[in-house]
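Notes for the one structure printed next.
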Amino acid sequence: MSLQIKKTELRCAGAARDGEADDITLRDYQMKVVRPALEGKNIIICLPTGWGKTRAAVYVAKKHLDSRKAAGQTGKVAVLVNKIPLVEQHYSAEFLPFLKPMYKVERVSGASLLKISFVDTLRKNDVIICTAQILENYLDRSRTGEDEGVNLSDLSLIIVDECHHTQKEGVYNEIMVRYLKQKIKNAKLKKEQKPTVPLPQILGLTASPGVGGATKLDKAVEHILRICANLDASKIMTLPPDQLKRDSKKTVKPVEDRKEDPFGDVIKKIMNAIHYHAQLKPNGDLGSQIYEQWVVQMERKAVLEGDHKVRACAEHLRQYNEGLGLSNTIRMWDALNFLNKYHEEEMKNKTTPDEEQVIQITDTERFLFNLFKEYKEELRKLANNPDYENKSLSILRTKILQEFSTRQDARGIVFTKTRRGAIALTQWIQENPKFADLDVKAAYVIGGGDQSVVKPMTAAEQKDVLTKFRSGEVNLLIATSVAEEGLDIPKCNFVIRYGHVGNEISMIQTEGRGRAEDSTHTVVDVKDSGVAEKECVNEYRKDMMNKAIDKIGALKQDAYDKKIQEFQIQAIMEYRLRMKMKQKADIKNEDPSEVKFSCRGCSQEVCTGEDIEVIEDIHRVNVTPQFRELFIRKESTKRKDSLLDYETNGYIVCGKCGQRWGSMMYFRGIQCPSLHVKNFVVAISGKNMPKCSKWTDVPARFSAFDYVAHADQLVESSDEEDA
C-alpha cells in the first residue's frame, strides 16, 4: 500500500456498537512505530501531520490499559496538550470514541476545574486529557503539601502531544524534570536494595523536533538528542525519508515592489517630520524590523530619562511603522483605519467628562496630532485608489479565487502574522463580491493571550469557529500561528502562508494542515517580510533535521544511552540552577516605601509601594483617597471581563497628561483601581529601573488587600451620608 497518497483521516475498522468500543486498526507503518511502546518502552513517535500519530497513541493507550487490567493493576493515562482547544479535540475526536465504554475518559480544562477537582477526576477516570499546566500545578501542590495534589506515581502512562516543546523552561520540561529526578533517585534506591517509586511510561508525539537553530548537523543531532533525553525516550520512531515523501505541491509566489506607493510615501513623510522635530537619526529603513527595534529602544531610553518629547515621538513612530507594515500586507484603508483609531484613542484620553479638570497637551503632542490631521485627507484619498494597492494582496486574491473556482468542495486556511492582519483579511474577503460569488465564507481564529492591543479570542470562540470550519459552515479560515499545531482539520485542501514564515517546525506544521488528497500549499511573499528567503532556510533545516534523525537512528544503543544519560544529568543541573536564580529573584527584600511610581507620560509622582495592595496574588490596586484625586476614569469600548468575585469595567488615565494607568476593577462590590506597571516609571531608592514590563520585575512584596477593613470604611461613610 502506497504511503505517499494517503493524506486523509484514518478510518476505524467498524462503527460503534452498543456496549463495546470502536476497533482500532493501525496501518503497517503505524504498527511499526508504536511497537516499542507496546513493549512498555518510552519512545517518541515522529510522523508528519496527518499520518495518524494521535490514532496510534489511542491504540497504545488502549493496549496499555488492557494489559494493566489483565495483570490486576490500575492503569491511569494522562494525555498532555499545550493548547486548550486540543483538549476538546483529542477528547471528542479520538480518545472518547475509541475507548468508551470499556474505559472512562474525561477532559479537564481551566473552566471545568471550578466544578470538580483534578484529583477527583483522575481518581474516577482511566484517561485524562488536559493541558500540561494543569498537571504541573497539581504536581507542585503535592510537592508543597499546601493542598491536595497528585504524584507522577499516580499515573501509568503519559502521552505528550507536540513533544518538541519539551525543552528549556517549557511546562512539559518542568514535568519531565520531576520524572528524571525521580528516575535518578530510583537508581540509587535500587542499589541500596530499597523500594523504588513507580514512574509512568512516556509516549511523545511530534511532527517535527526541529533543529533548535542549528547551522551544522552535529548541533542538530544534539538538539534532538536533548529532547529525547528530556522525555527519557529509548528511541525516536519514524520512517525512512523515501516513505515519508508526499507529492509536493508547494509553490512560492514572490512579490514585486510597487512601482508607485504614494500612500507609503506620505506615511514616511510624516515619520521624517517627526524625526526632525525630535532631532532623531533613525536606524534602518522605515517599515523594517530593524527600524522597529530602534524606535522601541529610543522610547525606553526616553522614559528612563524623563524626555517626554522623544517618548511621545517614538510612540507615534511605532504606530506609523506598523501602519506601513499593514499597507504592505493588507489594504491601505486598513492601515489608515488603524492610524485613525490610534489617534482617536489618544485624543479621547486627553478629554475629560467635565470642564473642571484640564488634561495637559504638550507642544509635541499638539504637533503630532496636527501632523496626522494635516495629512489624513490625503491618506484617505490615496487609500481609496485601487491602483496603489500592494501586489501581495492581488496575488492572494487570485490564489483564493483559483482554489474556489477549480475545486468542488474547497476548504482552506490562510496563515498570517498578526491578529490585526487576520481580522482585516477576513473583513476584506467578506466585503469583496467576487468572493461572495464563489460562496467563500471566511472567519478568523486568533490567539487567546491578552498581550496584544487586539481583543483576544476566548477558547469558546476559537472552538466555535473551528467547529464551523469542520462542518463547512466556514470554508476559509484566516489564522495566526495558533492554528499551526495540532488542530485536526481533515477536509482542508489548500493552505496559504501569507507574508508569514516561522521556523522549520512551523513550516512543517502548516504544510500538514492540508490534509485532503491533492491539497496545495502556497507561500505568498510580502514586501519587507523576507518570507522567500526564510522559506529556503527552513527547507535546508528540514533536510538537516531528517539527516539528524537518521544519524541518531544509526547509533548503537550503548552510545545512545550514554548520550541520553549525560543530557539528563545536565538537564537536572540546569533546572536546579534556574530554580536558584528564580528563588533569588523571588526574594522581595526592597522596602515598599522605597519604591516610587511616576506616570510614564508626564513624570508626575503617583504613589509609593506602601499604597499598593494585592488581590489574589494577581491584581495590584491602589484604593487610597489621594490616588483617586490623580486619575480620570474612562469607559471602555471592549467587553467587560467578569470572573467570580471581580469584574473590570473601564480604565483609568492620568488626570494630568491622559497616559493610561490601568483598569477599573470591582472586587466584591469595592471599586479598586488596578495598576498596570508597564504604564509607570518605577524607581527604587531614587534610581529608575531600566525595565518593568510586569509586576514580577518589581523586587518588593506588597501588602495583601484587606477586604474587611475597606468594606467597613465604605459602610461607615455610607452611614454618615444617610444620617
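Residue 361 in numbering that gives the first Met the number 0 is what sits at position 362 of the sequence shown, and the numbering runs on without skipping anything.
Even glycine gets a Cβ: it sits at the ideal position worked out from N, Cα and C.
Secondary structure of residue i, DSSP reduced to three states
i	result
residue 58	helix
residue 327	helix
residue 225	helix
residue 532	helix
residue 566	helix
residue 175	helix
residue 671	strand
residue 278	coil
residue 167	coil
residue 332	helix
residue 660	strand
residue 349	coil
residue 263	helix
residue 768	The structure shown does not extend to residue 768, since the chain is modelled only from 0 to 722, so the question has no answer here.
residue 252	strand
residue 202	strand
residue 579	helix
residue 619	strand
residue 552	helix
residue 649	strand
residue 397	helix
Given residue i as reference, the closest of the options once Cα atoms are compared
i	options	result
residue 202	98, 154 and 36	36
residue 65	102, 165 and 239	102
residue 81	61, 48 and 158	158
residue 682	595, 672, 656 and 658	595
residue 760	668, 700 and 86	The structure shown does not extend to residue 760, since the chain is modelled only from 0 through 722, so no value can be given for it.
residue 75	200, 137 and 107	200
residue 481	294, 377 and 414	414
residue 698	588, 491, 392 and 549	588
residue 407	608, 455, 471 and 395	471
residue 349	664, 360, 152 and 651	360
residue 83	567, 54 and 465	465
residue 531	498, 239 and 556	498
Residue range of the beta strand (DSSP E) that includes residue i
i	result
residue 106	104-107
residue 496	493-497
residue 605	604-607
residue 597	594-598
residue 612	612-614
residue 781	Since the first residue of the chain shown is 0 and the last is 722, residue 781 is not available in this structure.
residue 679	679-683
residue 156	156-159
residue 79	76-80
First and last residue of the uninterrupted alpha helix (DSSP H) at residue i
i	result
residue 23	Where residue 23 is concerned, there is no enclosing alpha helix (DSSP H), given that its DSSP letter is neither H nor E.
residue 382	362-382
residue 291	288-304
residue 88	83-88
residue 632	That residue, residue 632, is in no alpha helix (DSSP H); its beta strand (DSSP E) goes 630-633.
residue 192	Segment: none, residue 192 is in no alpha helix (DSSP H) and carries neither H nor E.
residue 120	117-123
residue 627	624-627
Distance between residue j and residue i (C-alpha atoms, nearest Å)
i	j	result
residue 600	residue 625	19 Å
residue 191	residue 461	53 Å
residue 193	residue 181	14 Å
residue 160	residue 476	23 Å
residue 617	residue 299	25 Å
residue 703	residue 132	26 Å
residue 67	residue 128	19 Å
residue 597	residue 213	44 Å
residue 273	residue 324	18 Å
residue 711	residue 602	34 Å
residue 305	residue 297	12 Å
residue 163	residue 266	42 Å
residue 232	residue 116	31 Å
residue 656	residue 363	12 Å
residue 4	residue 517	Here the model assigns residue 4 a pLDDT of 32, short of 50, so the residue's position is not dependable and the matter cannot be decided.
residue 108	residue 370	49 Å
residue 458	residue 258	43 Å
residue 331	residue 378	9 Å
residue 592	residue 608	5 Å
residue 633	residue 166	43 Å
residue 57	residue 50	14 Å
residue 629	residue 311	21 Å
Which whole runs of the alpha helix (DSSP H) in the region 410-491 are 4 residues long or more, in chain order?
418-430, 432-436 and 458-470
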